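J.:
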Amino acid sequence: ITQDEASGGLVLSEAANIIRRGRADVMITGTTGTRLHAVKSCQHKLWDTLAEGPVAERCRPLDLDRRGEVLAEGACTLILESRAHAESRGATILGTLLGTGASCVLDSEGHANEQLAVERAARAAMQRANVTAAELGHVNAGASGHQQRDGYESKAILNVLGDSAASVPVTAPKSYLGSAGSGSGLMEIAVSLLGLKHGVVPQTLNFHTPDKETPLNVVSGEHLATDNKLFLKTSVTRMGQSSAVVIGV
242 ITQDEASGGL VLSEAANIIR RGRADVMITG TTGTRLHAVK SCQHKLWDTL AEGPVAERCR
302 PLDLDRRGEV LAEGACTLIL ESRAHAESRG ATILGTLLGT GASCVLDSEG HANEQLAVER
362 AARAAMQRAN VTAAELGHVN AGASGHQQRD GYESKAILNV LGDSAASVPV TAPKSYLGSA
422 GSGSGLMEIA VSLLGLKHGV VPQTLNFHTP DKETPLNVVS GEHLATDNKL FLKTSVTRMG
482 QSSAVVIGV
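So this is what it looks like as structure tokens:
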């Protein structure tokens, strides 16, 4: 499955459906991506806005003064299996995939609508998981620090959360990891899973000034202690492809 940022959520959905159909007990799901190869870096310099400034503060997802993306590479693998199989072998269960959603939105001329794609994918995942916005412990956003694209995703999250937007925490793991394309989604999910294992929602690095146009409840300054271990993960590509998953720990 090669749909850039949306790949992680899509491979989880495909693997889970194979298990649900009884075609496998265990599925190995993995994604990998790099934007550090010289040719790829040149491509992204043409396609996207890349951040400049002090290295430690270049990546500023969701911040009003965000400067652009920071290129990266990475990979992650998650093992999916039926609960019965996991329990029978004494596996350490990090989380349960409760619902998935996907959407691709473009107009007749091929222009992407990232906001609507994220909204549709997130609502589908939450509906399949049978959870409401008020029940979420946090949202794990795919925000990269891009001036325009962070805004699209933020508006979608605001619309999905509705009246719960002020209370549901939001974190953006790319502040640690940078933008690794297809490799990003599963890595970001792993950040939430490992954080919740320690009872926290990881903070968003370099977040100092809220964006008044998209007033999300961004976790910043320090990790947020929590006992609510239900989260929504959103991802979207510049082509308007989006995936979302709801996971409970």
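According to my numbering, the sequence shown is numbered sequentially starting from 242. Beta carbons are placed, not taken as given, at the ideal position from N, Cα and C, and that holds for glycine. Since the structure is predicted, the reported quantities are computational estimates derived from the model, not experimental observations.
1. Please go through the segment 302-360 and give each complete alpha helix (DSSP H) segment of 4 or more residues, from N-terminal end onward.
2. Output the boundary residues of the alpha helix (DSSP H) element that contains N258.
3. Rounded to whole angstroms, what is the Cα-Cα separation between H278 and G386?
4. Is the number of C-beta pairs between the segment 454-463 and the segment 349-360 that are closer than 8 Å three or more?
5. Please classify R330 as buried or exposed, where buried requires at least 16 neighbouring CB atoms within 10 angstroms.
6. Measure the C-alpha to C-alpha separation of W288 and Q244 and round it to an integer number of angstroms.
7. So, at 8 Å on beta carbons, what are the nonlocal neighbours of R361 in its own chain, with the 5 sequence-adjacent residues on each side left out?
8. Using CA coordinates, which residue listed in P414, G250, L291 is at the minimum distance from Q389?
9. Please state whether DSSP places K474 in a helix, a strand or coil.
10. Can you name, in chain order, every residue of its own chain whose Cβ lies under 6 Å from the Cβ of V490, other than the five neighbours on each side?
11. Mapping the DSSP letters down to three states, classify I488 as helix, strand or coil.
12. Compute the beta-carbon to beta-carbon distance between A423 and G274, rounded to the nearest angstrom, for a pair I have assumed lies under 8 Å.
13. Look up A466 in the DSSP assignment and say whether it is helix, strand or coil.
14. Going by CA-CA distance only, name the one from S416, R264, G378, N458 that's closest to R299.
15. Using a Cβ-Cβ cutoff of less than 6 Å, which residues in the same chain neighbour L339 once the five nearest sequence positions on both sides are dropped?
16. Which residues bound the alpha helix (DSSP H) around M428?
17. Verify whether the separation of the beta carbon atoms of R276 and L312 is less than 8 Å.
18. Which two residues bound the contiguous beta strand (DSSP E) that contains N381?
19. In whole angstroms, give me the CA-to-CA distance for G481 and V267.
20. State the start and end residues of the unbroken beta strand (DSSP E) segment that holds I242.
21. Since G274 is in the beta strand (DSSP E), which residue starts that stretch and which ends it?
T.: Let me lay it out:
1. 324-329
2. 248-261
3. 21 Å
4. no
5. exposed
6. 16 Å
7. G342, S344, V346, S483
8. L291
9. strand
10. G336, L437, K470
11. strand
12. Strictly speaking, residue 423 in this sequence is Ser, with Ala absent from that position. Indeed they touch by this definition, with Cβ atoms about 4 Å apart.
13. strand
14. S416
15. A370, V487, G489
16. 425-438
17. yes
18. 379-381
19. 31 Å
20. I242 -> no beta strand (DSSP E), and no H or E assigned at all.
21. 267-275
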